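*Asks:* Residue numbers 1 to 270, in the working numbering, belong to the letters of the sequence shown in order.
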Amino acid sequence: MRSAVIVVWLLAHALAAAEPTLTLLTWNVLADPARAGERAPALVRTIAELNPDIVALQEVQPWLRAQIDASPALAHYRGTVVNGKVMAPGGLYLLSRLDVQSISIEVIPTRLDRCALIATIDVGAGPPLTLGIVHLDSLPGQDELRVMQLAAVQRRLAQAPLAALVGDFNFGDADPLESAALDPGWTDCWRAAMGEDPGLTWDNERNALARANAFPEEPSRRLDRVLVRSQRWTPVESRLVGTEAVSALTPGLFPSDHFGVYVRMIGPMP
């Protein structure tokens, strides 16, 4: 009897190990260079520890790119290369352990020099992932502009059999106009894995940097999301990252004013 139990356990673990997975991290890393010498190592360390297949960053500046490029722990990632040049257009930066088949800049309506990155990534069996990375305009009262930005990017992703839209959306679940503009075909990975947990990525109560950078009377909100449209990949895990201070000696200093969102999805067996 004991031998049979061991065999079943081994088979279950073998199947779990063979189960296709796809992991993704989105994180607004705060462009402000203040205390970058303390924040950048924490950002790099967190990415390395999670080791996601795909990393979508917003507000990336040269100081962070330099830390990423210098890190042996991130040497297996390919950075954002557009037309043969490594760049972070509009602060958007893609790191991928998977083969990036193409990447381009998508022009969107904006008052803050924002754009979208569109990448096609080989995820193994099945169609490639068409990934849209965004950092929508952030100013209060720009809800109609954010709706136009969403429309532009969603049109670009509409025909892809496997698509994801990720990044800093700059609106929360209680903001009706932008929420209604999201295509109903998306699966919100946070909601799928975490239900009604608020998932506040902009948290004035927990994050001193968010509190310091908030607009007047701005509430805590879930600004950052991972949306997926797929018949093959199912989100099974979603969690916030960067939720601890960079060190016990600096309790008010976090890696960023946003918390990142890490997602794990499983696909069908080969």
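Idealized CB from N, CA, C, for every residue including glycine. If you're wondering where the values come from, they're calculated on a predicted model, not measured in any experiment.
1) Count the other C-beta atoms from every protein chain shown that fall within 10 angstroms of the C-beta of Glu178, then say buried if there are 16 or more, exposed otherwise.
2) Quick one: residues in its chain with C-beta nearer than 6 Å to the C-beta of Trp190, no 5 flanking neighbours on either side, listed in chain order?
3) Would you give the residue range spanned by the alpha helix (DSSP H) that Asn28 belongs to?
4) From the DSSP output, which residues share a beta bridge with Glu237?
5) Considering only DSSP beta bridges, list what Ile324 is partnered with.
6) State the DSSP-derived secondary structure class of Trp202, mapped to helix, strand or coil.
7) From which residue to which residue does the alpha helix (DSSP H) around Val153 run?
8) Please say whether Leu131 and Ala119 have beta carbons closer to each other than 9 Å?
9) Skipping 5 residues on each side, what residues in its chain have a beta carbon closer than 7 Å to that of Glu205?
10) Can you give me the C-alpha to C-alpha distance between Leu11 and Met269, rounded to a whole angstrom?
11) Among the residues of its own chain, which have a CB less than 6 Å from the CB of Arg232, if the five just before and after it don't count?
12) Closer than 6 Å by C-beta to Leu57: which residues in its own chain qualify, once you throw out the five before and the five after it? Chain order, please.
13) Report the option in Arg78, Arg111 and Ala88 whose CA atom is closest to the CA atom of Gln101.
14) Can you give me the start and stop residues for the alpha helix (DSSP H) that Asp69 sits inside?
15) Which partner residues of Val166 appear in the DSSP bridge assignment?
16) Determine which residues share a DSSP beta bridge with Glu106 and list them.
17) For Ala192 and Asp224, what's the separation of their Cα atoms in angstroms?
18) Classify Val246 as helix, strand or coil using the three-state DSSP reduction.
*Replies:* For this structure:
1) If you number the sequence shown from 1, residue 178 lands on position 178. Buried, because 16 or more other Cβ atoms sit within 10 Å of the Cβ of Glu178.
2) Numbered from 1 along the sequence shown, position 190 holds the residue referred to as residue 190. Excluding residues within five positions, the ones whose Cβ falls inside 6 Å are Gly199 and Ser238.
3) For the purposes of this step, residue 28 is identified with residue 28 of the sequence shown, where counting begins at 1. Run containing Asn28: none in the alpha helix (DSSP H); it sits in the beta strand (DSSP E), Thr21 to Asn28.
4) On the sequence shown, residue 237 is found 237 positions in, with the first residue counted as 1. In the DSSP output, where bridge partners are listed per residue, Glu237 has Arg264.
5) Absent from the model: residue 324. The displayed extent of the chain is 1 to 270, so no value can be given.
6) Numbered from 1 along the sequence shown, position 202 holds the residue referred to as residue 202. Three-state result, Trp202: strand.
7) By 1-based counting over the sequence shown, the position of residue 153 is 153. Run containing Val153: Asp143 to Leu157, per the alpha helix (DSSP H) assignment.
8) By 1-based counting over the sequence shown, the position of residue 119 is 119. By 1-based counting over the sequence shown, the position of residue 131 is 131. Their beta carbons are under 9 Å apart, which means Ala119 touches Leu131 by this criterion.
9) Here residue 205 refers to the residue found at position 205 of the sequence shown. Hits under 7 Å: Ser220.
10) Taking the sequence shown and counting its residues from 1, the one referred to as residue 11 is at position 11. Taking the sequence shown and counting its residues from 1, the one referred to as residue 269 is at position 269. Only weak support exists for where Leu11 lies, its pLDDT of 45 falling under 50; the coordinates are left without a value.
11) The residue given as residue 232 occupies position 232 in the sequence shown. So the qualifying residues of the chain are Gly126, Gly267 and Pro268.
12) For the purposes of this step, residue 57 is identified with residue 57 of the sequence shown, where counting begins at 1. Excluding positions up to five away in sequence, the list reads Trp27, Val29 and Tyr93.
13) In the sequence shown, counting from the first residue as 1, residue 101 sits at position 101. Nearest option by C-alpha distance: Arg78.
14) Within the sequence shown, numbered from 1, the residue matching residue 69 stands at position 69. Residues Pro62 to Ala70.
15) Taking the sequence shown and counting its residues from 1, the one referred to as residue 166 is at position 166. According to DSSP, Val166 bridges with Ile133 and Val226.
16) Taking the sequence shown and counting its residues from 1, one reaches residue 106 at position 106. According to DSSP, Glu106 bridges with Ala116.
17) In the sequence shown, the residue the question calls residue 192 occupies position 192. In the sequence shown, the residue the question calls residue 224 occupies position 224. Computed Cα separation, rounded: 15 Å.
18) Locating residue 246 in the sequence shown gives position 246, where the first residue counts as 1. DSSP places Val246 in coil when its eight states are reduced to three.
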